[in-house]
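A.B. asks: Below are the structure tokens for one structure; questions will follow.
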Amino acid sequence: MNEGRKEIVQIIFVFVGVLFTIKLFFVQVLDNRYAELADSNAILREVEYPFRGLITDRNGKLIVYNTPEYDLLITKKDVKELDSAKFCEVFGITIEQLRERFKDYKARKAKKEVSDVKPAIFIRQLSNLDFARIQERIDEFSGFQIQPRTTRAYSTFALANSMGYVSEITKRQLEHDSTNVYKQRDYIGQSGLESYYEKDLSGKRGVRFKFKDVSGIEKGSFLKGKLDTLSVPGKDLTTTIDIALQEYGERLFKGKVGSLVAIEPSTGEILAIISGPSYDPTLLTGRKFSSNFLTISSDTTKPLFTRPLMAMYPPGSIFKIIQTLIGLEEGVFNYDTRFPCDKSLVNCHNHPSPADLHGAIQYSCNPYFHQAFRRIINQGKSPNTFTDSRIGLDHWRDYVSRFGLGAPLGVDLPSEKGGLIPSSRNYNRIYGEGRWKFSTIYSLSIGQGEMLVTPMQMANLAAILANKGYFYTPHMVKSIKGDQIDPRYRVRHETGIDTAFYTFVTDAMTDAISGTAPRALIPGMTICGKTGTAQNPQGEDHSVFMAFAPKENPKIAIAVYVENAGWGGRAAASIASLMIERYVTGEVKRPALEEYVLKNEFGDRPARTKPAQTVIALE
Amino acid sequence: MRNEISISNKMDWATVAIYMAMLLFGWLNIFAAVYDTDTNNSLFVATFDFGVMPLQMKQFIFIVTSLIIMLIILIVDMRFYETFAYVIFAGIMFLLLLVPLIGKEVAGNKSWLGVGAFGIQPSEFAKFATALAVAKFIGSVGFRMDQVRNQVVLFVLIGIPVMLILLQKDFGTAMVFSVFLLVFYREGQSPFFLLVGIGMAIIFILTLLVKNNWILFAIIGGIWMMVIYLNRKRKFKHLIIITLGAIVLIGTMQSVEIVFSKLPIHHQKRIMVMLNPDSDPTGYGWNVTQSKIAIGSGGFAGKGFLNGTQTKFDFVPEQSTDFIFCTIGEEHGWLGSLLVVGLFMGLLTRLLFIAERQKSRFARSYGYAVASIFFFHFAVNIGMTLGLFPVIGIPLPFFSYGGSSLWAFTVLLFILLKLDAHRGQVLERL
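Protein chains in written order, with the numbering used here: chain A, 606 to 1224; chain B, 4 to 433.
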């Protein structure tokens, strides 16, 4: 009667044993999730954020430093029986704000930005004051911890744009980070020097692994601290900036749109770099970052746009200097060559005619350079005038590029633009091969047409003239805490044009100044400069001035662009002159000129602050 | 003297070896579960103050006393157990009855009898006492399982301890007695009870899981028609019994809501958590979630002895008692877990083998009771740590910390081994 029953009992026993074995295999061997959960349970990962490198000016004056801030982190799964009334009292928030924080947390969780098992920011950047009060009582709230970090602080409002800002790494950046160094919530340099030198400034995060028990109490180091790493502070940067000069320049630039770049010609070190309008760098630190960033980035005057490197203008009359140097080196004309001021070729203003080369520079004679440029382009290398123009243009372009034009210089700042010096290929694309000749491209002769230059390149040109034929790539960092800067900033770039020709053009520039920009003259100092006017079809022309001084022993080379301020001899030349005086003599003795600049009334029309990213002038 | 020699000759040493291995492995695991780098880091501590003694030392004392109990059981004449089965049963039942009256509370559980720091849980001993009583009744002269009167007596025999233990609100231990259905089945009870019992459990869970009761109606109806069809050639009585089973199942289904709502709230929660472990991860799901994390994090070979983080840092509750398996899973991985499952499978199949070779119905059914009780503890305890069963607080034999359970399981096991050693001396009475 009971046959087979013992087998059935056996089968039931064995069935359960096999079931457990399989289930255990799934849970223990196949599923790695549990190991991670166990680690998040028992291992406390304490991140030690490194101090970001300090930034000083060329004289060792501190510009950017660090200040402590405290984030309140939440590990949701560890939060138990939160006494919200007590929480609000300790953290100084209202119950609505607390609810808001939890709602925000939920939203971030829905977006998979945070998870319940890992600490996530709950309240961002508590102030120092909050911290002192909270530190005492943080233990009363399980699942909450305070994470100290440092944020950027600035000793000056100046240099905001080129310095850049630091903010939490974005999700996009995190996804594109190939180095795998960054973690969520890490700070990263977002623009300017902070971004360019991120690797040096950021230092290395330290991590300590500790055991914790179910109540979150630390239970000693994990694996005897074998995996722990100490944080390595970021390297300090010494910039080439003279912060006093920079501040002075920004004061002069108040209410203006444009750029200023000042370079030490003998080294290529950038003394001042101004992008107007600027912003208060402290706005982009701390708790209000997001809302401030929105305000600043949506400002129509684009304070975050680095004009000295990214704005491109036609060089205008200033380019005549380069034409002179190329022509002389090519031998297609000499100091005594005269051309009539034939206004049927290009418009000009009234001046003695026909001028020699010196006079042509002094009076900035457009027809003279039209005819001089024709000699550079059409040298009779081919009987076909189209082919001849093509050969001539490319040959000319080789020369121009030696002046650092037509391609980014390689400044140590992000997103530098290269401007544009057209080649035969550009024109072939526009007009077709063999369908353009000198008369198509003659605007280039006076720095107009399809030609664009950044203010940085223009300042570099001033440095080349000051050095009489060579330049060092402009750069903003002098040394990185003991380390040498990139050797490419120590390479001397030659233009390959005879020094004598530079002497000739700088003499002519000195003479020109008294005519075109008398405001630029500094008593007791010889200044070499050239005005320019970048034509602006959308409004008042842009005022441009390029100069270096003192003539005998150049200490500073400068380029100034003031948008919509009209003639170069007024706004730009005045600012450049004041900057030179300030830098070379250490003080300014022309309060009237200062006042003229600060008053901000240069043009015939009141200045408009409509920004121009790229203005292609029409002749 | 003759007695002694024959015992060592006929003793089932395989079972003894498994028992010893479990005691040793279990003891080391208790040490691992309570190990603390700062305060409790050596296996032996020289103290005789039971109050401050670390758990592994207490368990060591329990193990030593168990071995003494084992010797006593082996020395006592084998006829004692059958002869005094009812007396022992009555005695333990009396103790159980005392518990709600004069028992003391330990950790919220009023299931202890005792003086001072010493106490025992009579409910643990009720298992072997009931096993003896049931075996004695089944083994009695002229016993026939197909007599309704006998079946009623058997259900009364297991019903008494269940009722008394339920008075202590020890739901888990009370449930252990349901496993006697396996013994009854082996001894000739109609599979009806076993099937309906299992069926009721399944239906209970399914009703909570499946929203649409009509699906369950259809399933029960389908099975009923199939079984009726398969048994169509048999007596009309069978068909009635089958139909009765189907009605019981449908009744279960209908009463689930009511029964469920009548359960204490923590039992409701535990059942819901088993059905959906994520339903309450920090509350009632905490135990199961943490237990699975601890076991799962062990991986293939485990983190190593004393290197478990989940148990050491108290993430797993009841880690030295009901959730002791977590320590094994975490520190010894799948291999260690397999060893424990293997030891139990070895013990269970050995016990069945021993039970089957008995010459008396008494000894055989006692053997089945022993095997079934161990099986129930093994299945429910490990199933609970893996989230396969609701959290029912019953210990893993020889592994969980606790004096009463260790002594009771030792008694349970060695009475069988004693009977087995003397099986040649009894007259066949099957």
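Idealized CB from N, CA, C, for every residue including glycine.
Between Arg1210 (chain A) and Ser864 (chain A), what straight-line distance do the alpha-carbon atoms span, to the nearest angstrom?
C.D. replies: Within the first sequence, residue 1210 (chain A) is the residue found at index 605, counting from 1. Within the first sequence, residue 864 (chain A) is the residue found at index 259, counting from 1. Caution applies to Arg1210 (chain A), whose pLDDT of 45 falls short of 50 and renders its modelled position unreliable; the value that the coordinates give is listed next. Roughly 21 Å between the two C-alpha positions.
A.B. asks: Anyone know if the C-beta pair for Lys907 (chain A) and Asn1205 (chain A) falls short of 9 Å?
C.D. replies: Within the first sequence, numbered from 1, the residue matching residue 907 (chain A) stands at position 302. Within the first sequence, numbered from 1, the residue matching residue 1205 (chain A) stands at position 600. No, the pair does not count as a contact, with Cβ atoms beyond the cut-off.
A.B. asks: Counting only C-beta atoms, is Arg638 (chain A) closer than 9 Å to chain B at any point?
C.D. replies: Here residue 638 (chain A) refers to the residue found at position 33 when the first sequence is read from its first residue. Interface residue, yes.
A.B. asks: For Ala1212 (chain A), is the classification buried or exposed, using 16 other Cβ atoms within 10 angstroms of its Cβ as the cut-off for buried?
C.D. replies: Reading the first sequence from its first residue, position 607 is the one you call residue 1212 (chain A). Note on Ala1212 (chain A): pLDDT 42, under 50, position unreliable in the model; the coordinate value appears next. Flag for Ala1212 (chain A) reads buried.
A.B. asks: Relative to chain A, which residues along the region 310-326 of chain B have a C-beta separation below 7 Å, given in chain order?
C.D. replies: Within the region 310-326 of chain B, the residues whose Cβ lies closer than 7 Å to some Cβ of chain A are Thr312, Gln313, Phe316, Asp317 and Phe318, listed in chain order.
A.B. asks: Is Gly1226 (chain A) helix, strand or coil by DSSP?
C.D. replies: Shown here, chain A extends from 606 to 1224; a query on residue 1226 (chain A) therefore has no answer.
A.B. asks: For Leu629 (chain A), which residues in chain D fall below 8 Å Cβ to Cβ?
C.D. replies: Annotation note: the requested chain D is absent from the structure, which comprises protein chains A and B.
A.B. asks: Ignore the nearest five residues each way along the sequence and tell me which others in Ile163 (chain B)'s own chain have a CB closer than 7 Å to its CB.
C.D. replies: Position 160 of the second sequence, counted from the start, is the residue given in the question as residue 163 (chain B). Cβ within range, chain order: Met96.
A.B. asks: Would the region 1065-1082 of chain A count as touching the region 1153-1161 of chain A if we require 3 or more Cβ pairs under 8 Å?
C.D. replies: Touching, yes, given that three or more Cβ pairs across the two stretches are closer than 8 Å.
A.B. asks: Taking C-beta pairs closer than 8 Å, name the residues in chain B that Phe814 (chain A) reaches, listed in chain order.
C.D. replies: If you number the first sequence from 1, residue 814 (chain A) lands on position 209. Chain B residues near Phe814 (chain A): none, gap ~11 Å exceeds 8 Å.
A.B. asks: May I have the straight-line CA-CA distance separating Asn44 (chain B) from Phe303 (chain B), to the nearest angstrom?
C.D. replies: Taking the first residue of the second sequence as 1, we reach residue 44 (chain B) at position 41. Taking the first residue of the second sequence as 1, we reach residue 303 (chain B) at position 300. Cα-Cα distance, rounded: 26 Å.
A.B. asks: Where does Ala1217 (chain A) fall in DSSP's three states?
C.D. replies: If you number the first sequence from 1, residue 1217 (chain A) lands on position 612. Here the model assigns Ala1217 (chain A) a pLDDT of 41, short of 50, so the residue's position is not dependable, and the following value carries that caveat. Three-state DSSP puts Ala1217 (chain A) in coil, outside helix and strand.
A.B. asks: Which ranges would you report for the alpha helix (DSSP H) in the region 218-300 of chain B if only whole runs of at least 4 residues count?
C.D. replies: 239-265, 268-278 and 288-299, all fully within the region 218-300 of chain B.
A.B. asks: What residues from the region 645-656 of chain A come within 8 Å of chain B, judged by C-beta to C-beta, listed N to C?
C.D. replies: Of all residues in the region 645-656 of chain A, Asn646, Ala647 and Ile648 have a Cβ within less than 8 Å of some Cβ in chain B.
A.B. asks: Return the chain-ordered list of same chain residues with a C-beta closer than 7 Å to the C-beta of Phe692 (chain A), the five sequence neighbours on each side being excluded.
C.D. replies: Taking the first residue of the first sequence as position 1, residue 692 (chain A) is located at position 87. If we look at Phe692 (chain A) and ignore the five residues flanking it on each side, its Cβ neighbours are Leu703 and Phe746.
A.B. asks: Which one or two residues does DSSP pair with Arg1097 (chain A) in a beta bridge?
C.D. replies: Numbered from 1 along the first sequence, position 492 holds the residue referred to as residue 1097 (chain A). DSSP, once it has assigned bridges, lists A:Tyr1077 as partnering Arg1097 (chain A).
A.B. asks: Mind checking who Ile1127 (chain A) pairs with in its DSSP beta bridge?
C.D. replies: Position 522 of the first sequence holds residue 1127 (chain A). Partner(s): A:Met1130.
A.B. asks: Under the three-state reduction of DSSP, which class applies to Pro103 (chain B): helix, strand or coil?
C.D. replies: Within the second sequence, numbered from 1, the residue matching residue 103 (chain B) stands at position 100. In this structure, Pro103 (chain B) counts as helix in the three-state DSSP scheme.
A.B. asks: Give me, in chain order, the residues of the same chain whose beta-carbon lies closer than 7 Å to that of Gly331 (chain B); leave out the 5 immediate sequence neighbours on both sides.
C.D. replies: Stepping through the second sequence from its first residue, residue 331 (chain B) is reached at position 328. According to the sequence as given, residue 331 (chain B) is Ile; it is not Gly. Excluding sequence neighbours, Ile331 (chain B) sits near Asn32, Gly339, Ser340 and Val343.
A.B. asks: Are the C-beta of Ile679 (chain A) and some C-beta of chain B separated by less than 9 Å?
C.D. replies: If you number the first sequence from 1, residue 679 (chain A) lands on position 74. By this cut-off, Ile679 (chain A) is not an interface position.
A.B. asks: Residues of the region 139-152 of chain B in Cβ contact with chain A at a cutoff of 7 Å, in chain order, please.
C.D. replies: Going along the region 139-152 of chain B in chain order, one finds no residue with a Cβ nearer than 7 Å to chain A.
A.B. asks: Compare the C-alpha of Phe28 (chain B) against each of B:Leu346, B:Arg426, B:Phe379 and B:Ser407 and name the closest.
C.D. replies: Along the second sequence, one-based indexing puts residue 28 (chain B) at 25. Cα-wise, what sits closest to Phe28 (chain B) is B:Leu346.
A.B. asks: Touch check for the region 1111-1127 of chain A and the region 1178-1191 of chain A: three-plus C-beta pairs under 8 Å?
C.D. replies: Contact between the region 1111-1127 of chain A and the region 1178-1191 of chain A is present, because at least three Cβ pairs lie under 8 Å.
A.B. asks: Runs of 4 residues minimum, wholly inside the region 1127-1202 of chain A: which ones carry the alpha helix (DSSP H) assignment?
C.D. replies: Correct list: 1176-1190.
A.B. asks: Looking at the strands, I want to know which residues DSSP matches up with Trp115 (chain B).
C.D. replies: Within the second sequence, residue 115 (chain B) is the residue found at index 112, counting from 1. Beta-bridge pairing links Trp115 (chain B) to B:Lys107.
A.B. asks: How many angstroms separate the CA atom of Ala88 (chain B) from the CA atom of Leu160 (chain B)?
C.D. replies: Counting from 1 along the second sequence, the entry for residue 88 (chain B) is found at position 85. Counting from 1 along the second sequence, the entry for residue 160 (chain B) is found at position 157. Roughly 12 Å separates the two Cα atoms.
A.B. asks: Work out the CA separation of Leu933 (chain A) and Asn939 (chain A) for me, nearest whole Å.
C.D. replies: The sequence position of residue 939 (chain A) within the first sequence is 334, counting from 1. The sequence position of residue 933 (chain A) within the first sequence is 328, counting from 1. Approximately 6 Å, taken between the alpha carbons.
A.B. asks: Can you check whether the C-beta of Met348 (chain B) is within less than 9 Å of a C-beta belonging to chain A?
C.D. replies: Residue mapping note: residue 348 (chain B) aligns to position 345 of the second sequence, counting from 1. Yes, Met348 (chain B) counts as interfacial toward chain A.
A.B. asks: Using the three-state DSSP reduction, which class does Ile1090 (chain A) fall into: helix, strand or coil?
C.D. replies: Here residue 1090 (chain A) refers to the residue found at position 485 of the first sequence. Coil.
A.B. asks: Please go through the same chain and pick out, in chain order, the residues whose beta-carbon is closer than 6 Å to the beta-carbon of Met768 (chain A), but skip the five residues on each side of it.
C.D. replies: As a working note, residue 768 (chain A) is residue 163 in the first sequence. Taken in chain order, the residues that qualify are Gly797 and Leu798.
A.B. asks: Tell me whether Leu389 (chain B) sits in a helix, a strand or coil according to DSSP, three-state version.
C.D. replies: Position 386 of the second sequence, counted from the first residue, corresponds to residue 389 (chain B). Leu389 (chain B) falls in the coil class under three-state DSSP.
A.B. asks: Thr352 (chain B) versus chain A: which residues are under 8 Å apart at the beta carbon?
C.D. replies: By one-based count along the second sequence, residue 352 (chain B) stands at place 349. The contacting residues are Gln615, Phe618 and Val619.
A.B. asks: Compute the distance between the beta-carbons of Thr761 (chain A) and Thr672 (chain A), then report whether it is under 9 Å.
C.D. replies: Here residue 761 (chain A) corresponds to residue number 156 of the first sequence, with the count starting at 1. Here residue 672 (chain A) corresponds to residue number 67 of the first sequence, with the count starting at 1. No, Cβ-Cβ distance for Thr761 (chain A) and Thr672 (chain A) is not below 9 Å.
A.B. asks: What does Ala725 (chain A) reach in chain B if we use C-beta pairs closer than 9 Å?
C.D. replies: Here residue 725 (chain A) is taken as the residue at index 120 of the first sequence, counted from 1. Those do not exist, as Ala725 (chain A) stays about 17 Å from chain B at its closest Cβ, beyond 9 Å.
A.B. asks: Using beta carbons (cut-off 9 Å, strictly below), is Gly175 (chain B) in contact with chain A?
C.D. replies: The residue given as residue 175 (chain B) occupies position 172 in the second sequence. No, its Cβ sits nowhere closer than 9 Å to a Cβ of chain A.
A.B. asks: Do you know offhand how far Arg364 (chain B)'s Cα is from Ile141 (chain B)'s?
C.D. replies: Locating residue 364 (chain B) in the second sequence gives position 361, counting from the first residue. Locating residue 141 (chain B) in the second sequence gives position 138, counting from the first residue. Rounded to whole angstroms, Arg364 (chain B) to Ile141 (chain B) spans 7 Å at the Cα level.
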